[in-house]
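Following this note's numbering, the numbering of the sequence shown begins with 794 at its first residue and continues without gaps. Working notes, structure below.
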Amino acid sequence: MPRSSLILLFIAWLLPAWCPAFTLDHTPVPGGIAVVRLPADTDPASVRYEQRRVLVTRRENQPYAIVGLALGVQPGRHYLEAKTLANKPQRLAFEVNDKAYETQRITIKDTRKVNPEKRDMERIRREQEQIGAALSHWSDDTTVTLDFLKPVDGPLSSPFGLRRYFNDQPRNPHSGLDIAAGEGAPIRAPAPGTVIDTGEFFFNGNTVFIDHGQGLITMYCHMSRIDVKPGQRVAAGQVIGAVGMTGRVTGPHLHWGVSLNNARVDPLLFLAEEPVAEAPATPAPTP
Ligand SMILES: [Zn+2]
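Written out as structure tokens, the structure reads:
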């Protein structure tokens, strides 16, 4: 065999590592993803989970629904509602398994970030609406990248789903993944998308939202600097800003959130290589 053919063979052998493909092998759990195989004649625009439109992707001409499962989803049988291209209703069942998440206790020195003052409440309510609107955004992109790049270099400090106590008071579970990095470290878009909103929030600090299409939205919090504007297209790997410690934090880190059909899901599920969570040097909490 000529040497050039050998080199080509070697490149072909390497290719799968270069082009990671989102695995369809997911265990549906609260905070996870259900991959539901759809009948070939399903109208992709008709698929709903709890009245919300669902991302549909194709593998080898076979359609699959990629369904985000909120942390509050009950284990057991769940259903997708859909229609065939001939407008016939379909009901597709899938099972959600139980998952136990660990508990984390954090001490926050700025007690106002744990028990906000009356004057903070109006701001927090307004911001929750803005954040909710961004995370439930829908756009009709036909191709959606489900393979993400890690947005920041650094160890994982707090995993997704932790049941949290701030200063011994129960709060919402950890709805994202924390990556520890120094102030000013670049944050990169994990996949192509459009910046749909940015803001400076009471708990989340400086924040960017990227719409990747079909209800897949990513969120970046506590940034020291924002380099993008709403409406701007970003490429995978493009710098969108820098790590900081704005909002409710104990140190600089990126809180990375992923929303799918308006359910907050574990960002690790979108990384080709799922790194093992490392023990936190300092807890880095966010709501
Ligand atoms: Zn966080």
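Glycine included, every Cβ here is placed at the ideal spot set by N, Cα and C. Note that this is a predicted model, so its numbers are computed, not measured.
Tell me whether the beta-carbon of TYR842 lies closer than 9 angstroms to the beta-carbon of THR850.
Translated into the one-based positions of the sequence shown, residue 842 becomes position 49. Translated into the one-based positions of the sequence shown, residue 850 becomes position 57. Their beta carbons are not under 9 angstroms apart, which means TYR842 does not touch THR850 by this criterion.
With a threshold of 6 angstroms on Cβ separation, who are the neighbours of ASP891 within its own chain once the five nearest residues in sequence on each side are excluded?
Residue mapping note: residue 891 aligns to position 98 of the sequence shown, counting from 1. These residues qualify, in order along the chain: PRO868.
Comparing alpha-carbon positions, which option in ALA984, ASP836 and ARG845 lies nearest LYS876?
Here residue 876 is taken as the residue at index 83 of the sequence shown, counted from 1. The shortest Cα separation from LYS876 among ALA984, ASP836 and ARG845 belongs to ASP836.
In chain order, what are the residue ranges of uninterrupted alpha helix (DSSP H) at least 4 long that sit wholly in the stretch 1013-1059?
none
Is the distance from the Cβ of ARG846 to the Cβ of LEU817 below 9 angstroms?
Here residue 846 corresponds to residue number 53 of the sequence shown, with the count starting at 1. Here residue 817 corresponds to residue number 24 of the sequence shown, with the count starting at 1. Result no, Cβ atoms of ARG846 and LEU817 do not sit closer than 9 angstroms.
Identify whether LYS876 lies in helix, strand or coil by the three-state DSSP scheme.
In the sequence shown, counting from the first residue as 1, residue 876 sits at position 83. DSSP places LYS876 in strand when its eight states are reduced to three.
Only counting the same chain, and skipping five residues up and downstream in sequence, which positions put a Cβ closer than 7 angstroms to that of GLN921?
Taking the sequence shown and counting its residues from 1, one reaches residue 921 at position 128. Closer than 7 angstroms at the Cβ level, and outside the excluded window around GLN921, lies no residue.
One question on the structure: do ALA927 and ILE980 come within less than 9 angstroms of each other, judged by their Cβ atoms?
Counted from its first residue, the sequence shown places residue 927 at position 134. Counted from its first residue, the sequence shown places residue 980 at position 187. It is not a contact, given that the beta carbons lie outside the stated cut-off.
Taking the continuous alpha helix (DSSP H) assigned at ARG916, which residues delimit it?
Within the sequence shown, numbered from 1, the residue matching residue 916 stands at position 123. Run containing ARG916: 911-928, per the alpha helix (DSSP H) assignment.
Would the beta-carbon of GLY986 fall within 9 angstroms of that of VAL1051?
On the sequence shown, position 193 is the one that residue 986 refers to. On the sequence shown, position 258 is the one that residue 1051 refers to. Contact: no.
Rank ASP1059, VAL860, ILE826 and ASN854 by C-alpha distance to the C-alpha of VAL840 and give the top, closest one.
Residue 840 sits at position 47 when you count from the first residue of the sequence shown. It is VAL860.
Would you say the stretch 959-979 touches the stretch 897-909, given that touching needs at least three Cβ pairs under 8 angstroms?
yes
Under 9 angstroms, do LEU831 and ASN1054 count as touching if we go by C-beta distance?
Looking up residue 831 in the sequence shown gives position 38. Looking up residue 1054 in the sequence shown gives position 261. The answer is no: Cβ separation not under 9 angstroms.
Cut-off 7 angstroms between Cβ atoms - residues of its own chain near GLY954, not counting five sequence neighbours on either side:
Taking the first residue of the sequence shown as position 1, residue 954 is located at position 161. Cβ neighbours of GLY954 beyond the five flanking positions: GLY824, LEU864, TYR894, PRO966, HIS967 and ASP1059.
Buried/exposed call for LEU808, threshold 16 Cβ in 10 Å:
Position 15 of the sequence shown, counting from 1, holds the residue named residue 808. Legend: pLDDT at LEU808 = 47, less than 50; position of this residue unreliable, value from coordinates given subsequently. When all chains shown are included, LEU808 counts as exposed.
Is it buried or exposed, ASP990, if we count other Cβ atoms within 10 angstroms and call 16 or more buried?
Numbered from 1 along the sequence shown, position 197 holds the residue referred to as residue 990. With 16 or more Cβ atoms within 10 Å of its Cβ, ASP990 is classed as buried.
Given that a residue counts as buried once 16 or more other Cβ atoms are within 10 Å of its Cβ, and exposed if not, what is LEU878?
Residue 878 sits at position 85 when you count from the first residue of the sequence shown. Flag for LEU878 reads exposed.
Cβ of ARG1018 within 9 angstroms of Cβ of GLY977?
As a first step, residue 1018 is located in the sequence shown; it is residue number 225 there, counting from the start. As a first step, residue 977 is located in the sequence shown; it is residue number 184 there, counting from the start. Yes, the Cβ-Cβ distance between ARG1018 and GLY977 is below 9 angstroms.
Buried or exposed for GLY1034, please, with buried defined as at least 16 other CB atoms from any protein chain shown within 10 angstroms of its CB.
By 1-based counting over the sequence shown, the position of residue 1034 is 241. Per the 10 Å Cβ criterion, buried.
With a threshold of 8 angstroms, establish whether the CB of SER951 neighbours any heavy atom of ligand 1.
As a first step, residue 951 is located in the sequence shown; it is residue number 158 there, counting from the start. Indeed, a heavy atom of ligand 1 lies less than 8 angstroms from the Cβ.
Label LYS943 either buried or exposed according to how many other C-beta atoms from any shown protein chain fall within 10 Å of its C-beta, with 16 as the threshold for buried.
For the purposes of this step, residue 943 is taken as the residue at position 150 of the sequence shown. Classification of LYS943: buried, given that the 10 Å Cβ count is 16 or more.
Between the CA atoms of VAL829 and ASN880 - distance to the nearest angstrom:
For the purposes of this step, residue 880 is identified with residue 87 of the sequence shown, where counting begins at 1. For the purposes of this step, residue 829 is identified with residue 36 of the sequence shown, where counting begins at 1. Rounded to whole angstroms, ASN880 to VAL829 spans 20 angstroms at the Cα level.
Smallest Cα separation from ILE1003: which of GLY975, PHE994, GLU910 and VAL1021?
Taking the first residue of the sequence shown as 1, we reach residue 1003 at position 210. Cα-wise, what sits closest to ILE1003 is VAL1021.
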